[in-house]
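S.K.: Letter by letter, the sequence shown follows residues -23 to -1, 1 to 148 in mature numbering (1 follows the signal peptide of the UniProt record, and there is no 0). Pasting a structure below so you can have a look.
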Amino acid sequence: MVKVLAAVLLAGVVCLGCTTASATPTLDSFLADLPSDLAAAESTDQVRAVVATAPAEVSSTDTGGVLQLQFPPREVSWFVTTWRLVRPYAVAADPHQLSWRVVLYQQQVSDPNGSRIATVPIRFGTWTITLRLEGRPAGDMPDVVSGASAAYDLTRYAARVVGLEIAGPGS
């Protein structure tokens, strides 16, 4: 009788939470799967279907050509590691340097006044992804620029991502 009771208790502990499984992914798993999901998407409707699976803490706006997602702040280092971003930089998206985004190093550019680089957007398949930062990365101003903006090497500077934009071909 004791062995039967112990087996029932053990089965209950092992299955604890089995009935609370959810089809909604966690924020981490949703964001981690996003590159492969987008690379496989062949249409805007397929991208919308991916976005529709986002967990509750993700809010989205569909402007027709661009899908915008906002979520609780995540360290940019998480995206760099999880998405395997090679040579990511933060650059300002506006002349007043109020809006910051993540781009990827393309090449060094000749500049007699200092270190200048060319950058490209993040792409998965035919989709362009713009990671939006909470603000300017922490730390001293770098001596590297891209366009008119300081270019912060995100393998050396800390920043937090608060959202992203997904744009299709021609957007």
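Even for Gly, the Cβ is constructed at its ideal location relative to N, Cα and C.
Cutting at 6 Å between CB atoms, please list the residues of its own chain near Gly140, excluding the five before and the five after it.
M.R.: Leu46, Gln47 and Arg109
S.K.: Could you check the C-alpha separation between Gly112 and Arg78 for me, to the nearest Å?
M.R.: 9 Å
S.K.: For the 8 Å Cβ check, are there 3 or more pairs between the stretch 97 to 107 and the stretch 129 to 137?
M.R.: No, they do not touch.
S.K.: May I ask you to report which of helix, strand or coil DSSP gives Ala125?
M.R.: coil
S.K.: Which of helix, strand or coil does DSSP assign to Arg113?
M.R.: coil
S.K.: Can you give the Cα-Cα distance for Thr132 and Ile99, rounded to whole angstroms?
M.R.: 16 Å
S.K.: For Trp77, report the span of its beta strand (DSSP E) as first-last.
M.R.: Trp77 to Val86
S.K.: Determine the DSSP secondary structure at Val43, reduced to helix, strand or coil.
M.R.: DSSP places Val43 in strand when its eight states are reduced to three.
S.K.: Do Thr30 and Phe7 come within 8 Å of each other at the CB atom, strictly closer than that value?
M.R.: yes
S.K.: For Arg25, which residues in the same chain have their Cβ closer than 8 Å to its Cβ, ignoring the five residues on either side in sequence?
M.R.: Around Arg25: Asp39 and Leu44.
S.K.: Using 8 Å as the threshold, is the C-beta distance between Leu15 and Glu34 below it?
M.R.: no
S.K.: Look up Thr38 in the DSSP assignment and say whether it is helix, strand or coil.
M.R.: strand
S.K.: Helix, strand or coil for Ser20? Go by DSSP, reduced to three states.
M.R.: coil
S.K.: With a cut-off of 8 Å, does the C-beta of Gly145 fall near any C-beta of chain D?
M.R.: Judged by its chain identifiers, the structure shown contains no chain D, having just a single protein chain.
S.K.: Could you give the distance in angstroms between the alpha-carbon of Tyr129 and the alpha-carbon of Pro89?
M.R.: Between Tyr129 and Pro89, the C-alpha separation is close to 20 Å.
S.K.: Please name the residue or residues paired with Ser92 in a DSSP beta bridge.
M.R.: Val121
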